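Asks: Please see the structure below; I have some questions.
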C-alpha cells in the first residue's frame, strides 16, 4: 500500500524511477555534446593578436608563420599600454612584444625574447597565448635545425637524450578507467536519491499529514510497522539502483558507442560478471542507506525538516565515491570492505575493471547487512520512546541519542 | 451497569511525564471508570485535563505509569496488539493517506486490523453503502472535500468492526453541519451496541450525546455519572454550570470530593 501510494507521488517517481533510468543516456549525451561543442568553439574562433615593436633583423619569418595561421588575425599596435587596455576590454586577445634577449642569451647576435601579454581570466585570451607559444616553439625548432646544419651538425649529433613515451593501455582499459570513475559515483547518487524521498515521505511526511497516529493505532505491531516502512524505502532505493545499473548498460550500447565510434582512444566494454556484482552492490547500498535515512528522517515533524536531517547522509554518501574516484590505482581491501558506501563504490569499480576479489566482496556485503540489522534494531529501540511515538520529541536523532543517556528522562507531555 | 458486560475497564490509571521546565507532570492522576456495550461514555475536560493522554493509554500509544486498563479483557500493557484490534480510534490527528482512494483506504485498514481477508471486500462494500460514500470511493482522498473525508475517516475507524470506538475531540475543526453529522453517526454506532468513549470540551455535544459523563480536571475525575445524577448532586441544570461547579470546588480545596481512586460518584 505504501508503494502504491508512493507511485502516485510525482517527486518519488521522478527521483526513484525516471531519473535512474534516464540519467546515463541524458548525461552522457549532454557531456559528450558539450565537450564537442566546446572543442569546436576553441578550434573555430580567430585569435586577435597585436604586435608592438619591430622584429630583429632576419626573423621576419616568425611574423609570417603567425600570419599564415588561419586562426590568427595579426594587427600592429603602436602603444603597449593602450593595447593592454584593449585586451582587458576584450577587444584584443593577446599582445606580442619583441624584446632584447636576457643575460646569456644576449651573446648570440640577433637573439630576442618574445613577451606575450594576455588575460588569463578569459578563455579566448589563454588560447591566443597558447597559439603564439606554439608558433614561437616551431620557429625556434626550425631555426635551430637550420643553424645546426649550416654548422655541419647532423641530426644524429643534435638529437640527444630524447624522451619518448608510449601508452600501452588498450582503448578498453581507458574505457574501464572512465566508467570506473563515474559509475560508483552515479550509482551512489541514484541509490541515495531513490531512498531519499521515500524515507522522508514515510516518516516525517506521515507526521506532517497527520497520518502517523492513524497508523500506530492500528493493530499492527510496532516491529511490523518498522519493517514494512523499511521495506518500502529499501524497495524504492533498490529499484533506483538496479534501474540505474541496467540503464548504464543500455546507454553504453545505444548512446556511448555511437559517440565513441570515431575514437580509437577509448572503448567501453564491461565484463558480463560485473553486472550481477554491481546489482548486488546496489542492493546492499540501498538497504544500508534506506535504513540510515529512515532513522534520521523519523525525528522530523515536517517534510522539509526531514529533508534537512537526511541531507548529511546523502552528501557523505556522494563524497565517498567522489574521493575514491581520485585513487584509481586502489582496489578493494579488507579495510575498505569494512567501510559502508566506500566498500560498494570500490566493489563496483573493481567489477568494471574486471577485478573480482570475492572474499572482500563477501565482507563488504556482510558489513552492509550488519549495518542494516543495527539500524533496524535502533529503529525498534527508538519506537519504544513515547515522546518519539506521539511526535512531542523536539530534536534530531543526535539530540535524542544524547538525551536518552540520561536515566531520568521519561518523556514529554503530548502536545 | 452489569460488570460482566464491561468492555473497557480502567483502574487507578496514572501517567507521569517529565518536562524539562516543569519537572514531573502528572497528566493522568489515578482515574477509574468502566464502560459497557451500547454506551457513550464522555470524558469532559478543558484542554490539558488529561483526556487525550487517557485515550492514548487506552489505545496503547502511551504506557501507563501506574494502574491498569483493559479493552475487551485485553490488558493494554501486556496485549497491545489485541487491544488495538478491538479498538477504532478517531481524532483530529488521525488523518487519511492522501494518495490512496477511499476504497483502498478502507481495504487497507480492514486488513491491517486483521479483519478476515475473505470478508474484506464485502465489509468495505457495506461501509460504503452505510456512509453513502459510493460516488467518491474511487477518488483519491486528497481530492475529497472535508465532509467527504470525514465520512471516509469514520468508515476507516469502524471498518474492522471493533466493539470499542474512541472519538477524541472528533468535531474539532468541523463546520456545524459536519459536526451534527458526526454526532448522528456516533449515536447510530451506540445503537448498534458499540462502546463509545467520547472526549470533548464542548458541553453541548457531551450533554446531547453521552450516557455517562466523567468530568476530568488536572488528570483526575472530579465527578462521574449520568447527566441526571450530576444535576441531582449539584442542583444545577446545565452541564456547563455543573462542570464549573466541580472545577471551582477542586481548585478551591484541592482534593475535596475526590475519593481514594480519584473518582467521585455524583450519584452517591
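Chains as they are written, first to last, in the numbering used here: chain A, 3 to 417; chain B, 1053 to 1320.
The beta-carbon is built from N, C-alpha and C at its ideal position, and this holds for glycine as well.
In this text, all values refer to a predicted model and were calculated from it rather than measured experimentally.
Ignore the nearest five residues each way along the sequence and tell me which others in residue 1318 of chain B's own chain have a CB closer than 8 angstroms to its CB.
Replies: Along the second chain, read from residue 1 onward, the residue named residue 1318 of chain B stands at position 266. No answer about residue 1318 of chain B holds up, because its pLDDT of 41 lies below 50 and its placement is not dependable.
Asks: Report the neighbours of residue 1165 of chain B on chain A: residues whose CB is nearer than 7 angstroms to its CB, in chain order.
Replies: As a working note, residue 1165 of chain B is residue 113 in the second chain. Contacts between residue 1165 of chain B and chain A, judged by CB atoms closer than 7 angstroms, involve 220 and 221 in chain order.
Asks: Hey, out of B:1301, B:1253 and B:1154, whose CA is closest to residue 1200 of chain B's CA?
Replies: Here residue 1200 of chain B corresponds to residue number 148 of the second chain, with the count starting at 1. Closest by alpha carbon: B:1154.
Asks: Just grab the DSSP bridge partners of residue 43 of chain A for me.
Replies: Counting from one through the first chain, the residue named residue 43 of chain A turns up at place 41. Paired residue(s): none; residue 43 of chain A is not in a bridge.
Asks: Exposed or buried, what is residue 199 of chain A when buried is set at 16 or more other beta-carbons lying within 10 Å of its beta-carbon?
Replies: As a first step, residue 199 of chain A must be located in the first chain, where it is residue number 197. Classification of residue 199 of chain A: buried, given that the 10 Å Cβ count is 16 or more.
Asks: Out of A:336, A:195 and A:306, point me to the one whose CA is closest to residue 22 of chain A's CA.
Replies: Here the question's residue 22 of chain A lines up with position 20 in the first chain. Closest by alpha carbon: A:195.
Asks: According to the neighbour-count rule (16 or more other Cβ atoms, all chains shown, within 10 Å of its Cβ), is residue 1300 of chain B buried or exposed?
Replies: As a position in the second chain, residue 1300 of chain B is number 248, starting the count at 1. Exposed is the call here.
Asks: Roughly how many angstroms lie between the CA atoms of residue 324 of chain A and residue 332 of chain A, to the nearest whole one?
Replies: Counting from 1 along the first chain, the entry for residue 324 of chain A is found at position 322. Counting from 1 along the first chain, the entry for residue 332 of chain A is found at position 330. If you take the alpha carbons of residue 324 of chain A and residue 332 of chain A, they lie about 14 angstroms apart.
Asks: Scan the region 1101-1123 of chain B for residues whose Cβ lies nearer than 9 angstroms to a Cβ of chain A and list them as they occur along the chain.
Replies: 1104, 1105, 1108, 1111, 1112, 1113, 1114, 1115 and 1117
Asks: Starting from residue 1281 of chain B and walking both ways along the alpha helix (DSSP H), at which residues does that stretch end?
Replies: Locating residue 1281 of chain B in the second chain gives position 229, counting from the first residue. Start and end: 1279-1286.
Asks: So is residue 66 of chain A buried or exposed if we call it buried at 16+ other beta carbons inside 10 Å?
Replies: For the purposes of this step, residue 66 of chain A is taken as the residue at position 64 of the first chain. It is exposed - the Cβ of residue 66 of chain A has fewer than 16 other Cβ atoms within 10 Å.
Asks: Could you list which residues in chain B have their beta carbon closer than 7 angstroms to that of residue 391 of chain A, in chain order?
Replies: To locate residue 391 of chain A, count along the first chain from 1; it is residue 389. By Cβ distance, chain B contributes 1113.
Asks: Is DSSP giving residue 91 of chain A helix, strand or coil here?
Replies: One-based indexing of the first chain puts residue 91 of chain A at position 89. Three-state result, residue 91 of chain A: coil.
Asks: Using a Cβ-Cβ distance cut-off of 8 angstroms, determine whether residue 190 of chain A contacts chain B.
Replies: As a first step, residue 190 of chain A is located in the first chain; it is residue number 188 there, counting from the start. No, because no Cβ of chain B sits closer than 8 angstroms to the Cβ of residue 190 of chain A.
Asks: Would you mind reading off the limits of the alpha helix (DSSP H) that contains residue 316 of chain A?
Replies: Start at 1 with the first residue of the first chain, and residue 316 of chain A comes out as number 314. Run containing residue 316 of chain A: 305-326, per the alpha helix (DSSP H) assignment.
Asks: Compare the C-beta of residue 16 of chain A against all C-beta atoms of chain B and say whether one is closer than 8 angstroms.
Replies: Taking the first residue of the first chain as 1, we reach residue 16 of chain A at position 14. No, its Cβ sits nowhere closer than 8 angstroms to a Cβ of chain B.
Asks: Is the Cβ of residue 45 of chain A closer than 8 angstroms to any Cβ of chain B?
Replies: Along the first chain, read from residue 1 onward, the residue named residue 45 of chain A stands at position 43. It does not: the Cβ of residue 45 of chain A has no partner Cβ on chain B nearer than 8 angstroms.
Asks: Drop a sphere of 10 angstroms on the beta-carbon of residue 1291 of chain B, count the other beta-carbons inside from all chains shown, and report buried for 16 or more, exposed for fewer.
Replies: Indexing the second chain from 1 puts residue 1291 of chain B at position 239. It counts as buried.
Asks: Scan the region 197-244 of chain A and note each continuous beta strand (DSSP E) run of 3 residues or more that stays entirely inside, going in chain order.
Replies: none
Asks: Between which residues of its own chain and residue 137 of chain A is the CB-CB distance below 6 angstroms, once the five residues before and five after are set aside?
Replies: Taking the first residue of the first chain as 1, we reach residue 137 of chain A at position 135. Within the same chain, residue 137 of chain A has close Cβ partners 67 and 68.
Asks: Return the bridge partner residues of residue 1126 of chain B from the DSSP annotation.
Replies: Locating residue 1126 of chain B in the second chain gives position 74, counting from the first residue. Bridge partners of residue 1126 of chain B: B:1123.
Asks: Per DSSP, residue 118 of chain A is paired with what?
Replies: Taking the first residue of the first chain as position 1, residue 118 of chain A is located at position 116. Residue 118 of chain A pairs with A:98.
Asks: Can you give the Cα-Cα distance for residue 35 of chain A and residue 42 of chain A, rounded to whole angstroms?
Replies: The count along the first chain starts at 1 and reaches residue 35 of chain A at position 33. The count along the first chain starts at 1 and reaches residue 42 of chain A at position 40. Straight-line Cα distance between these residues: approximately 10 angstroms.
Asks: As a quick exercise: from A:279, A:307, A:397 and A:284, pick the residue whose alpha carbon is nearest that of residue 361 of chain A.
Replies: In the first chain, residue 361 of chain A corresponds to position 359, counting from 1. Selected option, being the one with the closest Cα: A:279.
Asks: Considering only residues of the same chain and omitting the five flanking positions on each side of residue 1095 of chain B, which have a CB-CB separation below 6 angstroms?
Replies: Numbered from its first residue, the second chain carries residue 1095 of chain B at position 43. Correct list, in chain order: 1103, 1251, 1266 and 1268.
Asks: Ignore the nearest five residues each way along the sequence and tell me which others in residue 1183 of chain B's own chain have a CB closer than 7 angstroms to its CB.
Replies: Here residue 1183 of chain B refers to the residue found at position 131 when the second chain is read from its first residue. If we look at residue 1183 of chain B and ignore the five residues flanking it on each side, its Cβ neighbours are 1203, 1206 and 1207.
Asks: Please check if any C-beta of chain B sits within less than 8 angstroms of the C-beta of residue 3 of chain A.
Replies: By 1-based counting over the first chain, the position of residue 3 of chain A is 1. It does; some Cβ of chain B falls within 8 angstroms.
Asks: Taking 8 angstroms as the CB-CB limit, is residue 1292 of chain B close to chain A?
Replies: If you number the second chain from 1, residue 1292 of chain B lands on position 240. Not closer than 8 angstroms to any Cβ of chain A, the Cβ of residue 1292 of chain B fails to qualify, so no.
Asks: Anything in chain B within Cβ reach of residue 406 of chain A, meaning under 7 angstroms, just list it in chain order.
Replies: To locate residue 406 of chain A, count along the first chain from 1; it is residue 404. Going along chain B, no residue has its Cβ under 7 angstroms from residue 406 of chain A, so there is no contact; the nearest lies around 12 angstroms.
Asks: Buried or exposed: residue 1116 of chain B, going by 16 or more other Cβ atoms within 10 Å of its Cβ?
Replies: The residue you call residue 1116 of chain B lines up with position 64 of the second chain. Under this definition residue 1116 of chain B is a buried residue.
Asks: Do residue 345 of chain A and residue 284 of chain A have their C-beta atoms closer together than 8 angstroms?
Replies: Position 343 of the first chain, counted from the start, is the residue given in the question as residue 345 of chain A. Position 282 of the first chain, counted from the start, is the residue given in the question as residue 284 of chain A. At a Cβ-Cβ threshold of 8 angstroms, residue 345 of chain A and residue 284 of chain A do not count as neighbours.
Asks: Using a beta-carbon distance cut-off of less than 8 angstroms, what residues from the region 1185-1206 of chain B approach chain A?
Replies: 1192
Asks: Which residues in the same chain as residue 269 of chain A place their Cβ atom closer than 7 angstroms to its Cβ, once the five residues preceding and following it in sequence are excluded?
Replies: For this step, residue 269 of chain A is matched to residue 267 along the first chain. Once the five neighbours on either side are set aside, the close Cβ partners of residue 269 of chain A are 173, 174, 177 and 262.
Asks: Residue 1236 of chain B by DSSP, collapsed to three states: which one?
Replies: Within the second chain, the letter at position 184 stands for residue 1236 of chain B. Residue 1236 of chain B falls in the helix class under three-state DSSP.
Asks: Candidates A:118, A:233, A:181 and A:308: which alpha carbon is nearest residue 206 of chain A's?
Replies: The residue labelled residue 206 of chain A in the question sits at position 204 within the first chain. Comparing Cα positions, the closest option is A:308.
Asks: Would you identify the three-state DSSP class for residue 1087 of chain B, choosing helix, strand or coil?
Replies: Here residue 1087 of chain B refers to the residue found at position 35 when the second chain is read from its first residue. In the three-state reduction of the DSSP assignment, residue 1087 of chain B falls in the strand class, which pools E and B.
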